[in-house]
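Undergrad: Please find one structure pasted underneath; my questions will follow.
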Amino acid sequence: MEIQTEKFSGPFGLLLSLIESEELDITEISLAKIADDYVAYIKEAKDIGAEEMADFLVIAAKLLLIKSKALLPYLYTKEDDDEVNDLERQLKMYKEFIEASVKIKAKILEGKKLYLPPLNKSFRLQGKAPSFSPPKKLTKEILRDKLAEILLVLEKELEKREREKLPVESLEPKISIDEKIFSIRALLAQKLKLSFSRILKEAKSRTEVIVSFLAVLELAKQKELYFEQGDLFSEIMININNIHEEEDNDEYSLTLDDK
5 MEIQTEKFSG PFGLLLSLIE SEELDITEIS LAKIADDYVA YIKEAKDIGA
55 EEMADFLVIA AKLLLIKSKA LLPYLYTKED DDEVNDLERQ LKMYKEFIEA
105 SVKIKAKILE GKKLYLPPLN KSFRLQGKAP SFSPPKKLTK EILRDKLAEI
155 LLVLEKELEK REREKLPVES LEPKISIDEK IFSIRALLAQ KLKLSFSRIL
205 KEAKSRTEVI VSFLAVLELA KQKELYFEQG DLFSEIMINI NNIHEEEDND
255 EYSLTLDDK
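Per the working numbering: the sequence shown = residues 5 to 263.
Pasting the structure below:
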């Protein structure tokens with residue numbers, strides 16, 4: 005839109021730039037005439053875009069603020085300046101929304117759909133943001149079916165990999181009671197007396213602990229060893245049974261006497 009006044013003739017945006025740079029006195033410009041001219045321009049024009057209207061509102065609002073501050077400076081405080089800045093920010097944001105709506109409308113008319121990442125708004129409006137435009141014939145049903153196919157392929161691939169990997173099992177070595185009895189006899193032959201915890205300490209697994217316990221009970225049953233415990237809950241001591249050895253010696257001496 006071109007502005008024609010006694011002091012200025014040219015584009016509306018240029019008028020604002022000259023006033024902001026103080027090359028043109030705002031008090032010499034009639035904003036009422038500019039507004040009347042714009043209303044007449046709207047009536048005559050057949051098709052005015054929303055973006056153009058937003059530009060006029062933003063520039064006109066800024067001109068009105070500048071002129072009111074120039075004519076009535078004593079009415080403005082620091083708080084008012086903050087409000088003015090906030091209004092300018094809102095007007096600028098409004099303009100960006102209008103520009104974005106125009107671009108979106110154009111894409112819709114072209115039959116395209118845009119999926120934009122959460123980038124900076126001004127960056128997107130400049131057309132620098134990456135976008136994804138799906139095929140025109142793509143429907144939600146087709147998209148759902150394709151996704152189901154992808155998931156099915158992934159599921160089969162995972163099952164295939166699980167079958168290829170054989171489970172690894174660690175087998176504990178089997179220990180018989182006879183082997184453990186022999187081991188305990190060997191320990192008692194060296195020490196003559198052992199703590200029960202000492203025997204269990206030799207075990208390397210839960211199964212071996214159980215086998216060790218059963219072996220001790222079997223040796224006690226055969227009277228090859230006996231238990232001692234000084235106090236309640238104190239350490240249980242395992243002693244070799246010398247009486248059993250003495251009986252064997254007596255039996256051996258009786259055999260010699262008979263001969």
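Where a beta carbon is used, it is the ideal one built from N, C-alpha and C, also for glycine.
Can the beta-carbon of glutamate 212 be found closer than 7 Å to that of isoleucine 179?
TA: Yes.
Undergrad: Report all residues from its chain with a CB closer than 7 Å to the CB of isoleucine 185; omit the five preceding and five following residues, and keep chain order.
TA: So the qualifying residues of the chain are Ala219, Glu222, Leu223.
Undergrad: Run through DSSP, which three-state label would phenylalanine 237 get?
TA: Coil.
Undergrad: According to DSSP, simplified to helix, strand and coil, what is leucine 229?
TA: Leucine 229 falls in the strand class under three-state DSSP.
Undergrad: Which whole-angstrom value describes the C-beta separation of glutamate 239 and serine 199, a residue pair presumed to lie in contact below a C-beta threshold of 8 Å?
TA: Their Cβ separation, rounded to whole angstroms, is 5 Å, which keeps glutamate 239 and serine 199 in contact under 8 Å.
Undergrad: With DSSP collapsed to three states, give me the class of lysine 197.
TA: Looking at lysine 197 - three-state DSSP - the assignment turns out to be strand.
Undergrad: Using only the alpha-carbon positions, how far apart do lysine 195 and leucine 236 sit?
TA: Each residue's Cα considered, the two are about 24 Å apart.
Undergrad: With a 10 Å radius around its C-beta and 16 neighbouring C-beta atoms as the bar for buried, classify isoleucine 244 as buried or exposed.
TA: Buried, since its Cβ has 16 or more Cβ neighbours within 10 Å.
Undergrad: Quick check on DSSP: helix, strand or coil for isoleucine 179?
TA: Here isoleucine 179 sits in coil by DSSP.
Undergrad: So serine 216 packs on alanine 207, CB below 8 Å; how close in whole Å?
TA: With a Cβ gap of about 5 Å, serine 216 and alanine 207 count as contacting.
Undergrad: Which same chain residues, not among the five before or five after methionine 97, have their C-beta less than 8 Å away from its C-beta?
TA: For methionine 97, where only same-chain residues beyond five positions count, there are no Cβ hits under 8 Å.
Undergrad: Can you give me the C-alpha to C-alpha distance between serine 105 and leucine 151, rounded to a whole angstrom?
TA: Approximately 32 Å between the Cα atoms of the pair.
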